[in-house]
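Counting with the working numbering, you get residues 4 to 105 for the letters of the sequence shown.
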Amino acid sequence: MARETWAYREVAVESKADPRTGRLRIQPVPGQAYATTLRVQCSRALLDTGRYPPGTRFLLSAKLTDRLGGQPFLYAWHGDPVDVMSAARLKRFIEERRRLRI
């Protein structure tokens, strides 16, 4: 099956400790079109604390999907290159894509 590139969008995510379990998880950064509670399925390499400390922010190419009618989640292909974002770059990214109310 071919990868539908038109369905993928750039999403800023960060690694954070889950308050219930204490384990690291990847979640969208606030200020985007996606809720911060939305699950993100991506490469497990992003959770490697030896390479990336907790709180590291990444830029992913992800699409919103669900599996057989289940809960929606963001899916990022595991083979994409890892793109770590600095604080300044994240701020610019969020400002460019801010959803404004009318």
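By construction, the Cβ of each residue, glycine as well, lies at the ideal position given by its N, Cα and C atoms.
The structure presented is a predicted model; accordingly, all values stated were derived computationally and were not measured.
Check: L41: which of P31, A48, L49 sits nearest, CA to CA?
Finding: The residue you call residue 41 lines up with position 38 of the sequence shown. The residue with the shortest Cα to Cα distance from L41 is P31.
Checklist line | Euclidean distance between Cα positions of L93 and A15 | finding: Residue 93 sits at position 90 when you count from the first residue of the sequence shown. Residue 15 sits at position 12 when you count from the first residue of the sequence shown. For L93 and A15, the distance between alpha carbons rounds to 7 Å.
Checklist line | Counterpart residues of Y78 in DSSP-defined beta bridges | finding: Stepping through the sequence shown from its first residue, residue 78 is reached at position 75. Answer by DSSP bridge pairing, in chain order: Q44, K66.
Next item on the list: Find the nearest neighbour of A91 within the set G82, R60, L71, judged by alpha-carbon distance.
Entry: The residue labelled residue 91 in the question sits at position 88 within the sequence shown. Checking every option, the nearest Cα to that of A91 belongs to R60.
Check: Which residue's Cα is closest to the Cα of D21: T39, L77, V87?
Finding: For the purposes of this step, residue 21 is taken as the residue at position 18 of the sequence shown. That would be T39, whose Cα lies nearest to the Cα of D21.
Next item on the list: Specify the secondary structure class of L27 as computed by DSSP and reduced to three states.
Entry: Position 24 of the sequence shown, counting from 1, holds the residue named residue 27. Looking at L27 - three-state DSSP - the assignment turns out to be strand.
Next item on the list: Just mark V87 as buried or exposed, buried being the case when its beta carbon has 16 or more other beta carbons within 10 Å.
Entry: The residue you call residue 87 lines up with position 84 of the sequence shown. V87 comes out exposed.
Next item on the list: Enumerate in chain order the residues of its own chain whose CB-to-CB distance from P75 is below 8 Å, with the five nearest sequence positions on each side excluded.
Entry: For the purposes of this step, residue 75 is identified with residue 72 of the sequence shown, where counting begins at 1. For P75, where only same-chain residues beyond five positions count, the Cβ hits under 8 Å are L41, L67, T68, D69.
Check: Quick one: Cα of R95 to Cα of L71, how far?
Finding: Against the sequence shown, residue 95 aligns to sequence position 92. Against the sequence shown, residue 71 aligns to sequence position 68. Whole-angstrom Cα-Cα distance: 36 Å.
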